[in-house]
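Residue numbers (the numbering used here): 6 to 364. From the three backbone atoms N, C-alpha and C, an ideal C-beta is built for every residue, glycine too. In what follows, a single structure is set out as structure tokens and then discussed.
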């Protein structure tokens, strides 16, 4: 969407620098024109999908991870990226892809398109090491928006890929948030506070996506226990670094609570109930209120009734299995007795035969 600055930085001649600047302005205006054309009904869904795929491919070439060292030299810093433009293209492009997907039976071609968008979002959530902080510092809210747009159009058959993407994105965001607290006093050139705040936004986008689309996946319960449990246990730590870490945990815990409020799964909320109760006793007012809102919105009587019904069904099934086992044991004992009787009769006949032959 804008050509890499690393290319223009190699040009020392003023004439070429001016020419490069003019080229950048032209490319930016062209990108704006492409994005605005996506709002037109005159552009077919097929054309929107093709253009979106081309844009995603170029994004991955410029900003994504690369094993080619030459590409690594010219990869652009994401702080200069125009995510407002690419978001518009992705939104309209995915809407067109979803429309095509719902009207054809052969999904193979469209699967490759969905795979490309997942690869692009994964690149946003898991940037290269040399660009690691920039996405969090400058584009966390844009990433949150792109993740939400992607999940709103993604077909269920691709949820397994999205689950891995979101889990990895959430885990790295947590890692970066705590890492920034460790490095906060070591490098004044890096806006660690801004990066940590952005990492919480990215975590929110990933965890909320999991809660809304894949609430029963193991990643949701694991992250809930990790964040909420760690927040409760960190309340008594008082060192300066521990205080920073505790604030980060509380921000992440609020993000967890905000996500849990959007989940359709009552089972997930019931599983988190003990931790949510403990959060109502922490010192942080915002966290107490967030946990309280979830607890206040839960239909405990319905949840308890449902769990009791499940327990009764499990007991009934257990009794049925026990009765089946008893009947099976009785059958086995009967067959063993029959077998012993047959064996006895056989031995008796053999003895009579031997006695007759000897006479």
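Would residue i pass as a contact of residue j if the rule is Cβ separation under 8 Å?
i	j	result
residue 216	residue 268	yes
residue 174	residue 230	no
residue 262	residue 224	no
residue 265	residue 274	yes
residue 95	residue 57	yes
residue 203	residue 156	no
residue 91	residue 126	no
residue 119	residue 66	no
residue 304	residue 249	no
residue 220	residue 165	no
residue 138	residue 195	yes
Could you round the C-beta distance between residue i and residue j to whole angstroms and report it? I think they count as a contact, below 8 Å.
i	j	result
residue 371	residue 237	One cannot answer for residue 371 here, as it falls past the ends of the chain, which runs 6 to 364.
residue 281	residue 300	6 Å
residue 154	residue 129	The pair is not a contact, with the Cβ atoms about 12 Å apart (cut-off 8 Å).
residue 254	residue 276	At roughly 20 Å, the Cβ-Cβ gap does not stay under 8 Å, so residue 254 and residue 276 are not in contact.
residue 97	residue 43	4 Å
residue 209	residue 142	Going by Cβ atoms, the distance from residue 209 to residue 142 rounds to 16 Å, so no, they are not a contact pair.
residue 50	residue 115	Rounded, the Cβ-Cβ distance is 11 Å, inconsistent with contact.
residue 326	residue 291	Not a contact, Cβ separation roughly 49 Å.
residue 171	residue 211	4 Å
residue 302	residue 285	Rounded, the Cβ-Cβ distance is 14 Å, inconsistent with contact.
residue 206	residue 112	Contact flag wrong, Cβ pair sits at about 33 Å.
Considering only the alpha carbon of each residue, which of the options lies closest to residue i?
i	options	result
residue 122	173, 54 and 132	54
residue 288	99, 144, 252 and 331	252
residue 150	196, 89, 135 and 165	89
residue 48	64, 100, 68 and 340	100
If we count the other Cβ atoms within 10 Å of its Cβ and call it buried at 16 or more, is residue i buried or exposed?
i	result
residue 351	exposed
residue 117	exposed
residue 347	exposed
residue 177	buried
residue 330	exposed
residue 144	buried
residue 14	Here the model assigns residue 14 a pLDDT of 38, short of 50, so the residue's position is not dependable, and the following value carries that caveat. So residue 14 ends up on the exposed side.
residue 167	buried
residue 316	exposed
residue 107	exposed
residue 337	exposed
residue 358	exposed
residue 362	exposed
_List, from N- to C-terminal side, the alpha helix (DSSP H) runs of 4 residues or more that fit wholly inside the stretch 117–163._
Complete alpha helix (DSSP H) runs here, min 4: 137–158.
*Could you name each continuous alpha helix (DSSP H) segment of 4 residues or more that falls completely within the stretch 279–330, going from the start of the chain to the end?*
Uninterrupted alpha helix (DSSP H) stretches at least 4 residues long and entirely within the stretch 279–330 occur at 290–302, given in chain order.
*Scan the stretch 207–264 and note each continuous alpha helix (DSSP H) run of 4 residues or more that stays entirely inside, going in chain order.*
Qualifying alpha helix (DSSP H) stretches, in chain order: 223–238.
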